[in-house]
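Our numbering applies: residue 7 is where the first sequence begins, and numbers increase by one.
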Amino acid sequence: MADGADAPAARALDPAGPPTWIVLGRTGDRVVAVDLDAHAAERSRTTLDAARLAEWVAAREKAEAPRWVWSDAPAWYAALLDAGVRVARCHDLRLCHAILRDSALVTDAAALRAAREWDAATHVEPVAAVAPALFDLDLDPDEPSGPPSGVDAALAEFARQRDAIGASPHAQRLRLLTAAESAGALIAAELRAAGLPWDAAAHDAILTARLGARPVAGRPPERLEELARQVREALGDPAVSLDSQPKLLRSLHRAGILVESTNRWELAEHEHPAIPPLIEYKRLWRLMTANGWTWLDEWVRAGRFRPVYVPGGVVTGRWASSGGGALQVPRSLRAAVRADPGWLLVVADVAQLEPRVLAGMAADTALADAARGRDLYAGIVAGGIVETRQEAKIALLGAMYGATTGDSGRLVPRLRRSFPRAMALVDDAALVGEDGGVVTTWLGRTSPSPSQGWQSAQAQATEAEASGADETRARRWARDRGRFTRNFVVQGTAAEWALAWLADLRGRLERMPFPGGAEPAPRSGPVFQRRPHLAFFLHDEVIVHTPAESADEVAVAVQEAAASAGRLLFGGFPIDFPLEVRIAHTADKT
DNA sequence: GGAAGGTGCGCG
DNA sequence: AAAGCGCGCACCTTCC
Numbered sequence: 007m008a009d010g011a012d013a014p015a016a017r018a019l020d021p022a023g024p025p026t027w028i029v030l031g032r033t034g035d036r037v038v039a040v041d042l043d044a045h046a047a048e049r050s051r052t053t054l055d056a057a058r059l060a061e062w063v064a065a066r067e068k069a070e071a072p073r074w075v076w077s078d079a080p081a082w083y084a085a086l087l088d089a090g091v092r093v094a095r096c097h098d099l100r101l102c103h104a105i106l107r108d109s110a111l112v113t114d115a116a117a118l119r120a121a122r123e124w125d126a127a128t129h130v131e132p133v134a135a136v137a138p139a140l141f142d143l144d145l146d147p148d149e150p151s152g153p154p155s156g157v158d159a160a161l162a163e164f165a166r167q168r169d170a171i172g173a174s175p176h177a178q179r180l181r182l183l184t185a186a187e188s189a190g191a192l193i194a195a196e197l198r199a200a201g202l203p204w205d206a207a208a209h210d211a212i213l214t215a216r217l218g219a220r221p222v223a224g225r226p227p228e229r230l231e232e233l234a235r236q237v238r239e240a241l242g243d244p245a246v247s248l249d250s251q252p253k254l255l256r257s258l259h260r261a262g263i264l265v266e267s268t269n270r271w272e273l274a275e276h277e278h279p280a281i282p283p284l285i286e287y288k289r290l291w292r293l294m295t296a297n298g299w300t301w302l303d304e305w306v307r308a309g310r311f312r313p314v315y316v317p318g319g320v321v322t323g324r325w326a327s328s329g330g331g332a333l334q335v336p337r338s339l340r341a342a343v344r345a346d347p348g349w350l351l352v353v354a355d356v357a358q359l360e361p362r363v364l365a366g367m368a369a370d371t372a373l374a375d376a377a378r379g380r381d382l383y384a385g386i387v388a389g390g391i392v393e394t395r396q397e398a399k400i401a402l403l404g405a406m407y408g409a410t411t412g413d414s415g416r417l418v419p420r421l422r423r424s425f426p427r428a429m430a431l432v433d434d435a436a437l438v439g440e441d442g443g444v445v446t447t448w449l450g451r452t453s454p455s456p457s458q459g460w461q462s463a464q465a466q467a468t469e470a471e472a473s474g475a476d477e478t479r480a481r482r483w484a485r486d487r488g489r490f491t492r493n494f495v496v497q498g499t500a501a502e503w504a505l506a507w508l509a510d511l512r513g514r515l516e517r518m519p520f521p522g523g524a525e526p527a528p529r530s531g532p533v534f535q536r537r538p539h540l541a542f543f544l545h546d547e548v549i550v551h552t553p554a555e556s557a558d559e560v561a562v563a564v565q566e567a568a569a570s571a572g573r574l575l576f577g578g579f580p581i582d583f584p585l586e587v588r589i590a591h592t593a594d595k596t
């Protein structure tokens, strides 16, 4: 990890922290704010009406940009954004608790583990305006969700976390990780508030072109009906349901198509007149059920798709999403992502993030050399390690996922000769996992311990009376877990890089001028929507929605943020993070 | 009639 | 062309 990282990143993630921390807590309709100095000593306490919180936060933010310490970003920040108030930094106690409780870099996590109330799921936001269907959730309004909301609980947990970090020999990494995770919590709330510009008419046009006109409720669209007819005719089975896997499978067998499943790849291996229309049927059925007119009605309001992002929702630290399938928007619908009039989208994705991160972690200069420039896979071909770009890609993915058979498994050994350090890192992670141990990302997120079931299966297999089946199962589970831990270190560190990238970019966008120069007067609603702002994030890709006049400047900022994230994690180690950046009206890949 | 599990497929 | 990580979601079937 780098020390003395460059200024913008340092501002965004600022491991040392600002001079003031303000811990917020709630009691009924009163909010208590406790000012702490840089040594966490209490300086003052303020009690105010919850209704006045946004105004008060705005004033403190403007005066000194403190780090706000709160239980759970969605429980605090959504309302601030609604009131037009944005903050630069926070410390999200719930998310940081989850990291520190399990981190192998924390020497003594007993106090954190004992504070079970902080293991709570996130506060559930009321989302009626966005997605009425979610309102069906069986929520008891008297049963508050989320972690403790009182100020004393927050102060106690904050003290536990500061102690845990301070006592760690890797305190700087943990400070960076908790700051990055907390920045992600802010960004997720802002992404939801801003929304992704979505052109419902363009979406409808795509659906109509592929499926036929929107049918009346309950009927399949024209094109789907026609394909189903063709499949049934070719199978000689006029009544078969194509949506029931067991029934379809039996019908395929009766027609002499001896597949074991109905998945597309297996079907494609067979020649039969029923196959092409069936594959097309499944493709369109998927489009309609996952992102059809129902989805459009439910999730797109006033030209914005507002997904619910879940920072830290994946064990590796990646974000998950809940509702709307935000992270699975099919490429075929990207043409519906469309900037507002006079605005543009800056769409940026990192080329081969995970192998680059691996090179950085392992300090593998040979892999870093191959990665120099735009295309890491081409670099591997140029090094004479494999013949084609496709082989390079399969081999590298196989190395990070733990492939043992097929083309991928065959090619992996070549990488082992050429990139011994990188391969040793993932191979070691796999061995630790097979053995029941835990592994840790670059900044300190640690994989979960194996389950009780896993441990007892391993123990049982070593006993004298263990059956062959016991041993086979134990071996299989051990290898499964090895592949998980092998991938964990890479996927998790890539997620950390992406958080650093996002946080840094957010800071750069915030410092850009409003169109026309003067900052608009405060008004209701998120004011940041009136200057360049993040609109979408997907593991290694961001979309910024920007006034057209700022698009070039944004494109530069996105690049600089990537370089800055690389330095923040890997210091002077020479690993590039090149981006593919497009400036366009739509997010469509052209 | 709802929960749980299986299947398949969209994304990285 | 296809076996190797992480997800969420829709639908169907099975079981209580």
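We put the beta carbon where it would ideally sit given N, CA and C, even for glycine.
Between the Cα of residue i and the Cα atoms of the options, which residue gives the shortest distance?
i           : options            : result
residue 39  : 19, 72, 45, 20     : 72
residue 554 : 424, 509, 350      : 350
residue 31  : 392, 68, 83, 208   : 83
residue 519 : 547, 190, 556, 543 : 556
residue 431 : 358, 215, 493      : 493
residue 55  : 381, 320, 37, 418  : 37
residue 163 : 102, 196, 172, 176 : 102
residue 273 : 93, 393, 251       : 251
residue 20  : 580, 571, 579, 595 : 571
residue 369 : 292, 227, 427      : 427
Note the first and the last residue of the continuous alpha helix (DSSP H) segment covering residue i.
i           : result
residue 214 : 206-217
residue 271 : 270-274
residue 188 : 177-200
residue 164 : 157-172
residue 462 : 458-467
residue 92  : Unbroken run through residue 92: none, as it is neither H nor E.
residue 434 : 426-440
Within the same chain, show all residues whose beta-carbon is closer than 7 Å to that of residue i, passing over the 5 residues directly before and after it, in chain order.
i           : result
residue 498 : 322, 323, 447, 451
residue 600 : This structure does not reach residue 600, given that the chain is present from 7 up to 596, and the question cannot be answered.
residue 174 : 111, 112, 113, 180
residue 339 : 209, 212, 297
residue 120 : none
Could you pull out every residue in the same chain whose Cβ sits closer than 6 Å to the Cβ of residue i, ignoring the five residues on either side in sequence?
i           : result
residue 254 : 248, 268
residue 188 : 96, 97, 98
residue 560 : 352, 538, 550, 552
residue 422 : 429
residue 153 : 77, 78, 100, 124, 126
residue 505 : 186, 190
residue 43  : 49
residue 74  : 28, 93, 96
Less than 9 Å between the C-beta atoms of residue i and residue j, yes or no?
i           : j           : result
residue 442 : residue 464 : yes
residue 207 : residue 170 : no
residue 425 : residue 500 : no
residue 26  : residue 61  : no
residue 365 : residue 374 : yes
residue 108 : residue 454 : yes
residue 202 : residue 217 : no
residue 467 : residue 481 : yes
residue 575 : residue 483 : no
residue 542 : residue 593 : yes
residue 220 : residue 299 : yes
To which residues of the same chain is residue i closer than 8 Å at the C-beta, ignoring the five residues directly before and after it?
i           : result
residue 5   : Outside the displayed range of the chain (7 to 596) lies residue 5, so it cannot be described from this structure.
residue 529 : In this prediction, residue 529 has a pLDDT of 49, which is less than 50 and means its spatial position is unreliable; what the coordinates show is noted afterwards. Counting only Cβ-Cβ distances below 8 Å, and skipping sequence neighbours, we find 90.
residue 244 : 238
residue 204 : 306, 309, 310, 311, 342, 343, 344
residue 587 : 352, 353, 354, 561, 564, 565
residue 314 : 131, 133, 198, 327, 328, 329, 330, 332
residue 490 : 439, 453
Terminal residues of the continuous beta strand (DSSP E) containing residue i?
i           : result
residue 33  : 27-33
residue 55  : 48-55
residue 552 : 547-553
residue 539 : 539-543
residue 585 : 585-590
residue 291 : From DSSP, residue 291 is part of no beta strand (DSSP E) but of the alpha helix (DSSP H) over 281-297.
residue 101 : First-last for residue 101: 99-108, but that is the alpha helix (DSSP H), not the beta strand (DSSP E).
residue 314 : Counting along the chain, residue 314 falls outside any beta strand (DSSP E), and DSSP gives it neither H nor E.
Please confirm if the stretch 234-247 is in contact with the stretch 279-290, defined as three or more CB-CB distances below 8 Å between the two stretches. yes
Cβ contact check for the stretch 356-364 and the stretch 399-418: 3 or more pairs under 8 Å: yes
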